[in-house]
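Encoded as structure tokens, the structure appears first; notes follow it.
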Amino acid sequence: MGKWLYNILKEGELKDNSSYQAVDGMFSNHFQNMHTPLWFKRNYRTHARQYDERIWDFLLNISLSSSEALKKLTNTQFINEGLYEHNSSDPFINLKGRDARNFHLSTGNIVGFAKAGDYSIQISSRFGDDFLKYIISDADGFLEIQDFGGEKKDYNGFEWLLIYLWKIKLKKAFRLGIPKSYISKTERTTRVKGQIDPLSFYLSRDAKYKCTYREHSYINEVTGLIDAAFDKLGTQSFLSDMHPLKLAFKTALEGKKYSKQQLYNTKAFTNPFYLEYNEVIDLSRKILKDEISSFGENSDTSAFLFDVSMLFEYFIHKLLLRNGFAIESKSKEIKIPTGQPGYRNLEPDIVFEDNGHTYVFDVKYKNFDGRFGVKREDLFQLHTYIGQWGNKRQIKGCGFIYPLKEEKFNQMFSAGEGITTQSLEIMDNEIPFHIIFLKIPEGDGKDFYSKMKESSEKFIRNMQSVLQKPDLKQLRKVS
14 MGKWLYNILK EGELKDNSSY QAVDGMFSNH FQNMHTPLWF KRNYRTHARQ YDERIWDFLL
74 NISLSSSEAL KKLTNTQFIN EGLYEHNSSD PFINLKGRDA RNFHLSTGNI VGFAKAGDYS
134 IQISSRFGDD FLKYIISDAD GFLEIQDFGG EKKDYNGFEW LLIYLWKIKL KKAFRLGIPK
194 SYISKTERTT RVKGQIDPLS FYLSRDAKYK CTYREHSYIN EVTGLIDAAF DKLGTQSFLS
254 DMHPLKLAFK TALEGKKYSK QQLYNTKAFT NPFYLEYNEV IDLSRKILKD EISSFGENSD
314 TSAFLFDVSM LFEYFIHKLL LRNGFAIESK SKEIKIPTGQ PGYRNLEPDI VFEDNGHTYV
374 FDVKYKNFDG RFGVKREDLF QLHTYIGQWG NKRQIKGCGF IYPLKEEKFN QMFSAGEGIT
434 TQSLEIMDNE IPFHIIFLKI PEGDGKDFYS KMKESSEKFI RNMQSVLQKP DLKQLRKVS
């Protein structure tokens, strides 16, 4: 059955790290088993989806403008907590072709959406929304995601992702309590408090002082902004577990109301104790301004891009740390000359020590090629890491970490091993070389959560196995 290209782009049928081709109006992706005839209307046009020339112009513009925008982004515009960088060389889409019936479109590690006028494009994770929810929640230390309820039905596009981040950041910040700030109060009292008005005391008949003083109060713009965000989101099942927090912020305001302009102008905290609320303030403001709407009617042009490779690396990093691996922070320890003044830092994704030995791994979110293995440029990069780090450290293991869909995982590992080990030789040193896979299960909700937890445990066991000394003679037989 055919489809409009307009709908394929808009409805999230395109996945990250995938390649699509249109040949004479047949839209295909071999790995997704997608072979869809594209609909075109030659006669009188009545809907934006029928203007294939405009759709093609939209794709060309998005391809160019998104690449330029990504190059200008800073780390703070991605959820990374300062540990990982966005891969600015990775485009949102890479487009080649001559028109909307004949083109090649490829995607990388960026998911998200972009909209301009009547047209929009959405790139989704090839592992699904539940995978994104799991690694976002796990990386932030919140694992109460067993019951997703009807969340995926509540929102279109990536609205759920922004609201999910807001929800997680608010829970994390709420551990500090509802934010308090100083406010000025004036009241008549028999006890002196703050500044007094002496004349008022002599003129009064009740022998009370008119005092003006400052005290901490929960009634402030931040509390009001978060309360307004709750009201804006309504009673979605996505927030069904947030009722106690919603009630707490509502009660703290004691009926106080702020204008929208006051809430829009809410300032970030400079008090170090409440710094975790600053991200909540920013996301709450976006919710209140309808800036979370992926394809809404409130904005003619909008975009939200999210680097999943960075997030996956962060997830793996946290998973290893929680299981006792002595992960080193990224440092500027190793530098190489570039042929011009200055040096380039060599910073592998994962470096950890065990019994005086160093292990170096790179985390790859991209697809693993079951036929040809690791990509040529990635192998060269790892060899560079090993060669340079081996000048100062005793390298006892290295390799790559990949996510892999359950179906493909089961095809590659009939016994469920999830790890391959070979041997490489660098400067007369034989070093075990490992490819370790994290199986990404099928299913959703509670089923996905339990399976993903099992996959993570198996992954950790495989990582622990690389710390054992392998039989290099046996490895040479399979290399």
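All the letters of the sequence shown, read from the start, carry residue numbers 14 to 492 under my numbering. Using N, Cα and C, we set each Cβ at its ideal position, and we do this for glycine too. As the structure is a prediction and not an experimental result, all values here were calculated from the model.
Let me know the secondary structure DSSP gives residue i once reduced to three states.
i, result
"serine 297", "helix"
"arginine 114", "coil"
"glutamate 470", "helix"
"glutamine 477", "helix"
"methionine 440", "coil"
"isoleucine 176", "helix"
"histidine 48", "strand"
"asparagine 107", "strand"
"asparagine 368", "coil"
"arginine 201", "strand"
"proline 445", "strand"
"glycine 141", "coil"
"threonine 248", "coil"
"isoleucine 191", "coil"
"alanine 241", "helix"
"aspartate 375", "strand"
"arginine 389", "helix"
"glutamate 304", "coil"
Can you give me the Cβ contacts of residue i inside the same chain, cut-off strictly under 7 angstroms, excluding the 5 residues immediately before and after it?
i, result
"asparagine 291", "Ala281 and Phe282"
"histidine 256", "none"
"leucine 252", "Lys180 and Leu246"
"glutamine 90", "At glutamine 90 the pLDDT is 37, less than 50, meaning the model places this residue with poor confidence; the figure from the coordinates comes in the next sentence. Taken in chain order, the list of residues that qualify is empty."
"tyrosine 378", "Asn122, Val321, Ser322, Phe325 and Pro416"
For residue i, which residues from the same chain have a beta carbon less than 6 angstroms from its beta carbon, with the 5 sequence-adjacent residues on both sides left out?
i, result
"isoleucine 239", "Phe262 and Ser297"
"phenylalanine 196", "Looking at the sequence itself, residue 196 is isoleucine, so the reference to phenylalanine does not match. Excluding residues within five positions, the ones whose Cβ falls inside 6 angstroms are Ser230."
"alanine 61", "Asp131"
"phenylalanine 374", "Ile363, Gly412 and Ile414"
"valine 479", "Gly410 and His447"
Could you work out which residue in the options is closest to residue i when comparing CA atoms only?
i, options, result
"aspartate 362", "Asp382, Leu333 and Ser463", "Leu333"
"arginine 114", "Ile176, Val36, Lys182 and Phe105", "Val36"
"threonine 225", "Phe243, Arg204, Ala241 and Val235", "Arg204"
"serine 469", "Gly15, Lys54 and Ile414", "Ile414"
"lysine 418", "Asn380, Ala127 and Met440", "Asn380"
"glutamate 467", "Lys16, Ile21, Leu451 and Phe243", "Leu451"
"isoleucine 136", "Phe385, Arg201, Leu118 and Gly190", "Leu118"
"tyrosine 177", "Thr202, Ile149 and Arg201", "Ile149"
"isoleucine 300", "Val373, Thr236, Trp179 and His43", "Trp179"
"serine 32", "His43, Leu258, Glu24 and Gly25", "His43"
"lysine 193", "Arg357, Phe286, His330 and Gly337", "Phe286"
"leucine 174", "Leu51, Leu324 and Thr351", "Leu324"
"glutamine 394", "Phe385, Val376 and Gly383", "Val376"
"isoleucine 453", "Ile123, Glu341 and Gly141", "Gly141"
Residue j and residue i - do their beta-carbons sit closer together than 8 angstroms?
i, j, result
"leucine 437", "isoleucine 444", "yes"
"leucine 18", "phenylalanine 40", "yes"
"glutamate 360", "lysine 388", "no"
"lysine 28", "serine 138", "yes"
"alanine 186", "valine 293", "yes"
"aspartate 223", "threonine 199", "For the sequence presented, residue 223 should be read as lysine rather than aspartate. For lysine 223 and threonine 199, yes; Cβs fall inside 8 angstroms."
"threonine 49", "glycine 25", "no"
By Cβ distance, which residues of its chain are closer than 8 angstroms to residue i, with the 5 residues on each side in sequence left out?
i, result
"glycine 125", "Phe105, Gln135, Ile136, Phe171, Ala316, Phe317, Leu318 and Phe319"
"aspartate 382", "Lys388"
> Do the stretch 399-408 and the stretch 421-436 make contact, defined as three or more Cβ pairs closer than 8 angstroms?
Replying inline: no
>> Using 8 angstroms as the cut-off, can you tell me whether the stretch 105-114 makes contact with the stretch 64-81, which would need three or more C-beta pairs spanning the two stretches below that distance?
In response: yes
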